[in-house]
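Engineer: Mind the numbering: the sequence shown is residues 275 to 382 in the numbering used here, read in order.
Just so you know, even glycine gets a beta-carbon here, dropped at the ideal spot from N, CA and C.
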Amino acid sequence: MSEIENQQQDAREICNEIVRVLIGLGLDWEDNTKMRDLAREALAFDPTHAPHLNPDEVEARTKRKLFGLIALMFRTMQEGAETNEMIHGNAAWKALARALWAEKDVAR
Numbered sequence: 275m276s277e278i279e280n281q282q283q284d285a286r287e288i289c290n291e292i293v294r295v296l297i298g299l300g301l302d303w304e305d306n307t308k309m310r311d312l313a314r315e316a317l318a319f320d321p322t323h324a325p326h327l328n329p330d331e332v333e334a335r336t337k338r339k340l341f342g343l344i345a346l347m348f349r350t351m352q353e354g355a356e357t358n359e360m361i362h363g364n365a366a367w368k369a370l371a372r373a374l375w376a377e378k379d380v381a382r
């Protein structure tokens, strides 16, 4: 399936949405401390045990959206790798990926 998809276009769309979500959360992707905090939260999130959110819990809903975008981000990179296509993201994508990898290494 990934042969007919355009992973780079998907990455651009995911990047744009990541930027919107980070702005909505009031987070600056150049703030490494805040990005690492967010990465820890994303890595600890377990959707199978997540409680139901009320519509007025805007920040929690926005974070869940971001966690889904992170999953899409990594899936897009994986699909690109499977077709030998290097997928590049914007500054927000790269900052988020760096924070996730840094926190993943700490959790070991």
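Could you check which residue in F319, A369, Q283 has the C-alpha nearest to that of K339?
Structural biologist: F319
Engineer: What span of residues does the alpha helix (DSSP H) with M347 cover, start to end?
Structural biologist: Start and end: 332–356.
Engineer: Can you check whether the CB of M347 is closer than 8 Å to the CB of W367?
Structural biologist: yes
Engineer: Mapping the DSSP letters down to three states, classify W375 as helix, strand or coil.
Structural biologist: DSSP places W375 in helix when its eight states are reduced to three.
Engineer: What is the rounded straight-line gap between the Cα of A371 and the Cα of A365?
Structural biologist: 10 Å
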